[in-house]
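Take a look at the structure below.
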Amino acid sequence: ILNVEQSPQSLHVQEGDSTNFTCSFPSSNFYALHWYRWETAKSPEALFVMTLNGDEKKKGRISATLNTKEGYSYLYIKGSQPEDSATYLCAMPAANSGYALNFGKGTSLLVTP
Amino acid sequence: DTEVTQTPKHLVMGMTNKKSLKCEQHMGHRAMYWYKQKAKKPPELMFVYSYEKLSINESVPSRFSPECPNSSLLNLHLHALQPEDSALYLCASTIALSGNTIYFGEGSWLTVV
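Chains A and B, in that order, give the protein sequences.
The numbering of the first sequence is my numbering, which starts it at 6 and goes up by one.
The numbering of the second sequence is my numbering, which starts it at 201 and goes up by one.
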């Protein structure tokens, strides 16, 4: 089982604030890192699949960076909006489990107006 | 269409009942997964199917019986469950076992009484 850690566990920001959270993972035998956004009563939504060291990906106000040598990824949200409130999960595929995802515990983000 | 459809959304069953959870995707994906998620914990892998064949069973008790009748459908048959099996059951699919983006359904909330 791959040990994927996320911090902080929860975050409460005001509308318009920018925020970021961290995903830490084993740097050896790195294959890929996935980020998901999971809103209550909806399906987890794939945000990014990151594979290359130094990679940076962007989707609207959300971006992510990857450092495979030191084993971390950051997710940034610029100008948070209430609709960004969700749990953000990072996950790593495990080759010995059919590339099924091992998830971190997630960061629960609440954005208030 | 990146949709994975799960039915039912909610299920309450007794410990002696037999019921099934269903999952469907029409994206041409050949790998499908069942995950179980308990409150405040990350989703945990149960089963992996690849090309309609069971590829991974993560030591799941036999009271959970998966079935993949064709490339679009994945079932989870439930029999003689325990109250501790109450959880959210998530289905997911991807193109093939290769670490590509995995798409999730909204899940089926199961309560065992």
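Glycine included, every Cβ here is placed at the ideal spot set by N, Cα and C.
Here the structure is a predicted model, which is why all the values come from computation and not from measurement.
Scanning the segment 256 to 291 of chain B for uninterrupted beta strand (DSSP E) segments of 3 residues or longer gives 264 to 270, 273 to 279, listed from N- to C-terminal end.
Sixteen is the threshold: since fewer than 16 other Cβ atoms of the shown chains lie within 10 Å of the Cβ of residue 212 of chain B, the residue is exposed.
Residue 71 of chain A counts as buried, since at least 16 other C-beta atoms from the protein chains shown sit within 10 angstroms of its C-beta. The beta carbon of residue 311 of chain B sits no closer than 7 angstroms to any beta carbon of chain A.
Along the length of the segment 45 to 116 of chain A, whole beta strand (DSSP E) runs at least 3 residues long occupy 50 to 55, 61 to 64, 67 to 72, 77 to 82, 91 to 99, 105 to 108, reported in chain order. Counting the other Cβ atoms within 10 Å of the Cβ of residue 24 of chain A gives 16 or more, which makes it buried. Between residue 265 of chain B and residue 103 of chain A, the C-beta gap is not smaller than 7 angstroms, which leaves the two residues out of contact.
From the beta-carbon of residue 36 of chain A, the residues of chain B found nearer than 9 angstroms are 299.
At the C-beta level, residue 69 of chain A and residue 80 of chain A come within 7 angstroms of one another. In this structure, DSSP gives residue 32 of chain A a state outside helix and strand, which the three-state scheme calls coil. By the neighbour-count criterion, in which 16 or more other beta carbons inside 10 Å mark a residue as buried, residue 15 of chain A falls on the exposed side.
Counting other Cβ atoms within 10 Å of its Cβ, residue 236 of chain B reaches 16 or more and is therefore classed as buried. Counting of Cβ neighbours within 10 angstroms places residue 116 of chain A among the buried residues, the total reaching 16 or more.
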